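The structure under discussion appears below in the form of C-alpha cells.
Protein chains in written order, with my numbering: chain B, 1 to 310; chain A, 311 to 830.
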C-alpha cells in the first residue's frame, strides 16, 4: 500500500510537467492578449512593448515555459499580471473556501443521495421509486445558475433567513452548498439505486435473508456496504471537481473560491493565475482519486492495490 | 457500518465547521453600501486603467485640479494657477496645510515625484500618455534622458509645468487618475504593495480590502475640503447582476446600477419608480468599420450601412430609451457646435448603394463581445443589413480576444463604445480619428484623413474656445461625410437607490464622484 502511494506520488511529477506544458501552450494559443487588457483603451506601441517585456511575455513559448518551471522549482507560482499578488498566496487563501464549500455540499449530497437511492432501489417500481427517480433526475438536470437564484430568492428575499451572497460563516455557506449539492445528490441517488437493484439478486443477499436476518440489517449491512464501491467512485469524481472550483455557484453567491479566481484569470489571460490553478487542480484531483483508491481497499478487501498484486 | 458512516459524516461536518472563517461583518454604522462587480485591478494611480479602480481612487486621492459640476476645471490641491507663454507653461500654487493620510503635508515635490513616477519606465505605467505633452516627457519615458525638464519645483508650494507644444485640454488631463499625488515615502517603504495599501489626500482612506469580497473606506477627518457626510463607504464585490438586485432588495446595498432585464420591472413599480435615476454618460456607442481594407474602405458602402439601420427605433424599443440618440461622435453635453448632417435611415438608398458597390448578397464579418446585450443589438443590426441586401456573419469573442482582433484589424464591422477620460471633444477626436492612433491607440476603424488630422492638431494647440470648436466642427463634417463609424447613442447610467439615501447623484465621469455629498 505504502509503495503504491509512493509510486503515485512519483508519477505526479511527470503528470504535472505534462499538464503545465499543455496548459501553457493552450493558454498561449488562445486568442487574446493580456497586455491589451492591461493598457486600457488607449496606449502607444512603445508602452505595450514595455509592459510585455516587464511581464516576461516577449520571448518564445518554450523559453517562457522554462522560466515558469524554474519558478515552480523554487516553490513559487509567479505573480498575477494584474494585481501583482503572489499566485500561490492567493490560491492558499482561496482554497480553504473552496474546500469548505465542496465539503459542505458533499455533506448534504452523500447522505441524501445514498438514502434516496437505497429507498428507490429497495422499493423498485413503486410510487416511491418513481417519485425519487423524478426528484433525482430534476436535481441532475436543473442548471445551477437557475436553482441557485431560486434558492436565493426563496431563502433570502422571501423568508429573509439567509444572506444572499458573500463569503463567511455557516449562514453564508448554506445556500451555495445546497445549490452545489443538488446535481451530486441526483447522481448519487441514481447510481445507488442501480447498484442496489443489481445486488438484490446476488447470492449473498439471498443467503442473508435465508439465515433469517432482519430486512433492515440485510439492506444496510449486506447490500449497502457492497453498493458503496461505485458510490465512492462518484463521490471521488464529484468532490474532485468541486475542489477545482464550482464556477457558477461561486459567481452567483459571490463565494471567494478557486473557481472564480481561475475563470477571472482565464478571462484576463492572466497566465500565472491560470497555470497556478491548473497545477493546484491537478494535485487535488490526483489526491482525491488516490484517497478513493484507498477507500475501495478498506471497503472491499478483494480490491487489491497494484503493489499487493505485484 | 452505520456507526462508521455517521462518524464519517460527523467528521466531515466538523471539518466544515473548523474551516469556517470569519464572516463579513454587518455593514458598519454610518457606512453607505455600494456594489462593484469585480475587484479593482490596482489602487496605484499610476497603474489604474479600469473604471472601478478610478472610481475608488477618486475617493482616496486628489490632484492639482478636478472637474466641477459643470464639467469645468476647478481647484483641487492647487488653489490657483497661471497659464503663460500662449499656453506653453502652467504655474500651480498649492494650498497650504493639505496633508496625506499619514499626516505629512503635501508639497510641490510630491507632484513632481508622482508625475515622474508615471513616466518612469521602471513603473511600467500604461498611463504615460497623460503626461506626454510635457517637455521632455516622451524621452524620459523612453529611457532616453534622465529627467523631465518640463516639470520644475519653484518652491514647496509652486510647481511649473512646461509643455513641448500648447495643448488646450491640458488641465483636463490633470484631473485624471494618473495625475493624483502620492507620498514618496509610502511607495519606497511598501514597494509594489502600495497598490494594495494606498495613501493619499482624499476624503476617505482604505481600511480593508478583502479580495473578491469587499473594500471598506473610512472617512478621512483631516480632509482639506468639506468632509464626507457618511462615516465610510463599503464596496461589496458582487459579480452577478441578479445577486446584486437581491442584495439591494434585502437592504444590504444602498444603490445598484439597474441591469437591463430588470429596468422595466422597477420603472413600472410605484414603490421604486421614483427612486430610479438616470444620467447620460460621456460615451458614444458606435458601429465601426475597418476602413483600411475592402469592403469598407469604400465610404459609399459605409454610408449604405448607416442608411440601412433605424437607430432611433432600436434605441426606443430594445433599449427602452436608456440613452440619447447620437448625432455625431461627441456627446451633446460637450459639443459646442452644430452637428454635421447624418446619413439617416433610408433603406431604399441603402440597398441602392450596396448594389452599386457590388456587395449585394456578399457576406461581411461583424465582431462583437460575448455580452448578451451586445449580442441582441448585433442581431438587430444583422436583420437590418440583411434586409438591405448585406448579409452579416457575427463572430462573438471574449473581451481580451475581441480587443486583440480589433487592434489587429481582423473585423470588417465591430460594435464598441468610447468613454471619455476627460470632458473635452479632444478626448473623442484624437484617439478615435487621428491617424497616429490606429489599433490600440483608440482608432480601431483605422481611419486616416490628412484634413481631419490637421483639424484635430489645430484644435489641440488652439486656446481660444471658439476657434477650437470651429476646427472640431470642420473635422466632424469630414468624418460624418466619410463615416468611419456610425454613432448610435450616448448611453445613460440608470441606478436604483434606497429611499433613505440622501443627496445621491450620478456623475458623468467617475473621477468627479468624491463620495462626500451622499448621506444616509
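Idealized CB from N, CA, C, for every residue including glycine.
Owing to the predicted nature of the structure, the values given are computational and were not obtained by experimental measurement.
C-alpha distance - residue i paired with residue j, whole-angstrom precision
i                      : j                      : result
residue 463 of chain A : residue 422 of chain A : 7 Å
residue 102 of chain B : residue 582 of chain A : 38 Å
residue 697 of chain A : residue 613 of chain A : 16 Å
residue 132 of chain B : residue 189 of chain B : 8 Å
residue 229 of chain B : residue 550 of chain A : 39 Å
residue 831 of chain A : residue 468 of chain A : Examination of residue 831 of chain A is not possible in this model, given that chain A is present from 311 through 830 alone.
residue 742 of chain A : residue 386 of chain A : 30 Å
residue 784 of chain A : residue 746 of chain A : 19 Å
residue 223 of chain B : residue 206 of chain B : 11 Å
residue 541 of chain A : residue 556 of chain A : 25 Å
residue 179 of chain B : residue 566 of chain A : 25 Å
residue 369 of chain A : residue 825 of chain A : 6 Å
residue 148 of chain B : residue 803 of chain A : 28 Å
residue 672 of chain A : residue 701 of chain A : 6 Å
residue 184 of chain B : residue 106 of chain B : 8 Å
residue 589 of chain A : residue 817 of chain A : 7 Å
residue 682 of chain A : residue 115 of chain B : 41 Å
residue 164 of chain B : residue 362 of chain A : 23 Å
residue 232 of chain B : residue 241 of chain B : 14 Å
residue 62 of chain B  : residue 50 of chain B  : 21 Å
residue 281 of chain B : residue 26 of chain B  : 16 Å
residue 153 of chain B : residue 592 of chain A : 35 Å
Buried versus exposed call for residue i [16 or more other C-beta atoms within 10 Å across all chains shown]
i                      : result
residue 505 of chain A : buried
residue 17 of chain B  : exposed
residue 238 of chain B : buried
residue 171 of chain B : exposed
residue 146 of chain B : exposed
residue 81 of chain B  : buried
residue 119 of chain B : buried
residue 812 of chain A : exposed
residue 335 of chain A : Legend: pLDDT at residue 335 of chain A = 46, less than 50; position of this residue unreliable, no value from coordinates given.
residue 158 of chain B : exposed
residue 46 of chain B  : exposed
residue 604 of chain A : exposed
residue 345 of chain A : buried
Residue i, DSSP secondary structure in three states
i                      : result
residue 129 of chain B : helix
residue 810 of chain A : coil
residue 211 of chain B : coil
residue 522 of chain A : coil
residue 741 of chain A : helix
residue 331 of chain A : Its pLDDT being 42, under 50, residue 331 of chain A is placed unreliably in this model, and the coordinates cannot settle the point.
residue 563 of chain A : coil
residue 111 of chain B : helix
residue 757 of chain A : coil
residue 80 of chain B  : coil
residue 443 of chain A : coil
residue 674 of chain A : strand
residue 507 of chain A : coil
residue 606 of chain A : coil
residue 492 of chain A : coil
residue 535 of chain A : coil
residue 419 of chain A : helix
residue 123 of chain B : coil
residue 383 of chain A : strand
residue 65 of chain B  : helix
Residue i beta carbon near the ligand PLP (any heavy atom closer than 8 Å)
i                      : result
residue 547 of chain A : Questions concerning the ligand PLP fall outside what the structure shown contains, since it holds no ligand whatsoever.
When Cβ atoms are compared, which residues of the stretch 560 to 574 of chain A fall closer than 9 Å to chain B?
Those residues of the stretch 560 to 574 of chain A that come within reach of chain B (Cβ to Cβ, closer than 9 Å) are 560, 562.
Touch check for the stretch 393 to 406 of chain A and the stretch 494 to 513 of chain A: three-plus C-beta pairs under 8 Å?
Because the criterion of three Cβ pairs below 8 Å is not met, the stretch 393 to 406 of chain A and the stretch 494 to 513 of chain A do not touch.
Proximal residues, the stretch 479 to 494 of chain A versus chain B, C-beta separation under 8 Å:
If the cut-off is 8 Å between Cβ atoms, the stretch 479 to 494 of chain A has nothing near chain B.
At a cut of 8 Å, does the stretch 470 to 485 of chain A reach the stretch 768 to 780 of chain A through at least three beta carbon pairs?
With the cut-off at 8 Å, the stretch 470 to 485 of chain A and the stretch 768 to 780 of chain A touch.
Short-range partners of chain B found in the stretch 438 to 456 of chain A, where Cβ spacing is below 7 Å
Under the 7 Å Cβ criterion, the stretch 438 to 456 of chain A contributes 438, 439, 452.
I want to know whether the stretch 205 to 219 of chain B touches the stretch 134 to 149 of chain B - three or more CB-CB distances under 8 Å.
No: fewer than three Cβ pairs fall under 8 Å.
Is the stretch 783 to 801 of chain A touching the stretch 593 to 603 of chain A, taking contact as three or more C-beta pairs under 8 Å?
In short, these stretches touch, since the Cβ pair count reaches three.
According to a CB-to-CB cut-off of less than 8 Å, which residues of the stretch 244 to 278 of chain B neighbour chain A?
Of all residues in the stretch 244 to 278 of chain B, 251, 252, 253, 254, 256, 260, 261, 264, 267, 268, 269 have a Cβ within less than 8 Å of some Cβ in chain A.
Segment contact, 8 Å Cβ cut-off, at least three pairs: the stretch 751 to 771 of chain A with the stretch 618 to 626 of chain A
With a cut-off of 8 Å, the stretch 618 to 626 of chain A and the stretch 751 to 771 of chain A do not count as touching, because too few Cβ pairs lie within range.
Could you please tell me which residues of the stretch 140 to 168 of chain B, in chain order, have their CB closer than 8 Å to any CB of chain A?
With the criterion set as a beta carbon lying under 8 Å from some beta carbon of chain A, the members of the stretch 140 to 168 of chain B are 149, 152, 153, 156, 157, 160, 163, 164, 165, 166, 167, 168, in sequence order.
Spell out a yes or no on whether the stretch 160 to 175 of chain B and the stretch 194 to 202 of chain B are touching, meaning 3 or more CB-CB pairs, one atom from each, closer than 8 Å.
Contact annotation: the stretch 160 to 175 of chain B does not touch the stretch 194 to 202 of chain B, with fewer than three C-beta pairs closer than 8 Å.
Contact between the stretch 4 to 14 of chain B and the stretch 707 to 722 of chain A is defined here as three or more beta-carbon pairs at a separation below 8 Å; is this criterion met?
No: the two stretches stay apart, fewer than three of their Cβ pairs being nearer than 8 Å.
Beta carbons nearer than 8 Å to chain A: which residues of the stretch 32 to 60 of chain B have them?
Within the stretch 32 to 60 of chain B, the qualifying residues are 32, 33, 34, 36, 37, 38, 39, 40, 41, 42, 43, 44, 45, 46, 47, 48, 50, 51, 54.
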